[in-house]
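The structure under discussion appears below in the form of structure tokens.
Residue numbers (my numbering), protein chains in the order written: chain V, 54 to 261; chain W, 120 to 325.
Take a look at the structure:
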């Protein structure tokens with residue numbers, strides 16, 4: 054070892070010792086305990102995001118609202134959570150709905166098809182279609198509310214997550230201002246409808 | 120060189136020997152109960168949602184209607200706390216809280232222009248309820264004056280800041296093509312009302 058390299062190793066050594074001491078002092082952060090309010094909020098936020106059928110249907114609602122324009126684009130984010138919460142109450146009260154999984158898959162198929170075809174229904178008819186599906190989506194979320202770590206946090210989490218998915222859909226829908234963007238959005242509608250069809254087949258037992 | 124090496128060992132040993140729990144929050148000091156009172160509502164999601172909804176509603180109605188709450192809301196919290204400690208009046212149950220969340224959310228979603236007297240009544244009633252609810256954790260060893268001061272200061276800061284933020288958010292849209300801001304506030308109202316509906320359902324189910 055030359056004189057220079059020995060000198061260098063002596064300079065590094067004290068830092069190494071301090072670094073080792075710092076490592077010895079390290080403790081787990083425990084930032085995410087996933088219990089109580091944190092657990093309830095995390096479960097609620099993730100519930101609409103981890104179910105692909107929920108996720109694509111909610112995004113499709115936002116995109117379709119943007120395609121329909123006013124008043125759907127602003128009535129939708131205000132009223133959808135209310136109708137969905139009504140379905141949530143049915144789920145909390147254990148009032149059964151007919152074939153909920155089929156209805157949720159069907160919602161992705163129908164809403165995706167509406168986006169793909171740029172279907173321009175009268176506002177009342179479009180609102181009725183979305184409201185029926187909102188009840189089924191809310192029912193699925195609400196059924197898990199009583200068993201969650203913190204029901205209020207869970208409810209707040211899934212309402213906020215659903216609202217943010219609508220917002221994503223509306224933002225994607227603004228691409229329709231440009232011709233190429235419009236075609237891209239319609240293509241996305243085809244993808245959503247295809248996925249909805251797959252989930253529908255699976256819920257009916259046609260796909261393993 | 121040897122001397123520098125020894126100094127590092129001594130530093131490391133001193134660091135290891137001086138390990139203690141971080142006491143960033145001076146709960147053992149004289150002002151501990153003040154912080155307990157101030158932080159107590161901020162650790163309860165019901166308080167957070169109700170206070171925020173009240174502040175956003177007052178802020179969305181404008182300065183002239185909302186300014187009364189700067190005084191009324193903290194006083195209501197104090198009144199609730201005093202009523203609980205002096206007369207044992209307890210806060211209403213979760214169903215009443217859920218109904219208030221629902222009402223505040225619906226008023227926001229509908230962009231209802233309620234009169235000042237009604238706004239003040241709702242805010243004062245809510246503050247009395249939550250003041251009584253927050254008094255539930257006051258123990259015999261708690262300094263009640265410091266706890267009350269903390270709660271009132273938290274209420275004042277929370278309601279004033281929420282109203283100010285809402286006013287600033289709405290004011291920016293005047294004269295511009297930023298009408299989405301009003302819709303955003305109404306959408307938040309829809310979210311709050313939806314939470315209220317489900318909590319009412321849960322209260323009915325349990």
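In this text, a Cβ means the ideal position worked out from N, Cα and C, and glycines have one as well.
- Counting only residues of its own chain and dropping the five nearest sequence neighbours on each side, residue 225 of chain W has a CB closer than 6 Å to the CB of 312.
- Its Cα nearest to that of residue 179 of chain V, the residue V/117 stands out among V/216, V/141, V/117, V/213.
- Three or more Cβ pairs closer than 8 Å define a contact, and the stretch 186-206 of chain W meets that threshold against the stretch 270-285 of chain W.
- Residue 163 of chain W sits in coil when the DSSP states are folded into three classes, being neither helix nor strand.
- Against chain W, the CB of residue 137 of chain V has a partner CB under 8 Å away; the residue lies at that interface.
- In this structure, the beta-carbon distance from residue 189 of chain W to residue 227 of chain W does not fall below 8 Å.
- The Cβ atoms of residue 220 of chain W and residue 168 of chain W sit closer than 8 Å to each other.
- Taking C-beta separations shorter than 8 Å and ignoring five residues to either side along the sequence, the partners of residue 196 of chain V in its chain run 144, 145, 147, following chain order.
- Among the CB atoms of chain W, one or more fall inside 8 Å of the CB of residue 204 of chain V.
- With respect to chain V, the C-beta atom of residue 255 of chain W has no partner C-beta closer than 8 Å.
- The distance from the Cβ of residue 112 of chain V to that of residue 222 of chain V is about 4 Å, consistent with a contact at the 8 Å cut-off.
- For residue 248 of chain V, the closest C-alpha among the options V/73, V/157, V/101 is that of V/157.
- In this chain, the alpha helix (DSSP H) harbouring residue 151 of chain W covers 151-158.
- Under the Cβ criterion of 8 Å, residue 153 of chain V is not counted among the residues facing chain W.
- Between residue 225 of chain V and residue 205 of chain V, the C-beta gap is not smaller than 8 Å, which leaves the two residues out of contact.
- Interface residue (Cβ-Cβ distance to chain V less than 8 Å): residue 138 of chain W is classified as such.
- Nearest CB-CB separation between residue 158 of chain V and chain W: not below the 8 Å threshold.
- The alpha-carbon separation between residue 133 of chain W and residue 66 of chain V amounts to approximately 17 Å.
- Contact of residue 70 of chain V with chain W is assigned, a C-beta pair being separated by under 8 Å.
- Only buried fits residue 203 of chain V, as 16 or more other CB atoms lie within 10 angstroms of its CB.
- Taking 8 Å as the cut-off, the beta carbon of residue 220 of chain V is found closer than this to the beta carbon of residue 115 of chain V.
- Nearest C-alpha to residue 124 of chain V among V/237, V/70, V/211, V/175: V/175.
- Residue 309 of chain W belongs to the set of residues whose beta carbon lies under 8 Å from a beta carbon in chain V.
- Against chain W, the beta carbon of residue 142 of chain V has neighbours under 9 Å at 316, 317, 319, 320, 321, 323, 324, listed in chain order.
- In this model, residue 171 of chain W and residue 218 of chain V are separated by some 22 Å (Cα to Cα).
- Here residue 192 of chain V really is in contact with residue 140 of chain V; their C-beta atoms are around 4 Å apart, less than 8 Å.
- Contact annotation: residue 198 of chain V and residue 317 of chain W have beta-carbon atoms nearer than 8 Å.
- Rounded to the nearest whole angstrom, the CA to CA distance from residue 161 of chain V to residue 137 of chain W is 60 Å.
- Under the three-state reduction of DSSP output, residue 205 of chain W falls in the helix class.
- Excluding five sequence positions before and after residue 319 of chain W, the CB atoms of its chain that fall closer than 8 Å to its own CB belong to 214, 217, 218, 221, given in chain order.
- Here the C-alpha atom of residue 300 of chain W lies approximately 35 Å from the C-alpha atom of residue 210 of chain W.
- Between residue 237 of chain W and residue 152 of chain W, the CB-CB gap reaches or exceeds 8 Å.
- Between residue 105 of chain V and residue 187 of chain V, the CB-CB gap reaches or exceeds 8 Å.
- Between the alpha carbons of residue 72 of chain V and residue 259 of chain W lies a gap of roughly 48 Å.
- Close CB contacts of residue 204 of chain W within its chain, under the 8 Å cut and outside five residues either way in sequence, are with 254, 257, 263 (chain order).
- Neighbours of residue 216 of chain V across chain W, judged by C-beta separation under 7 Å: 306, 310.
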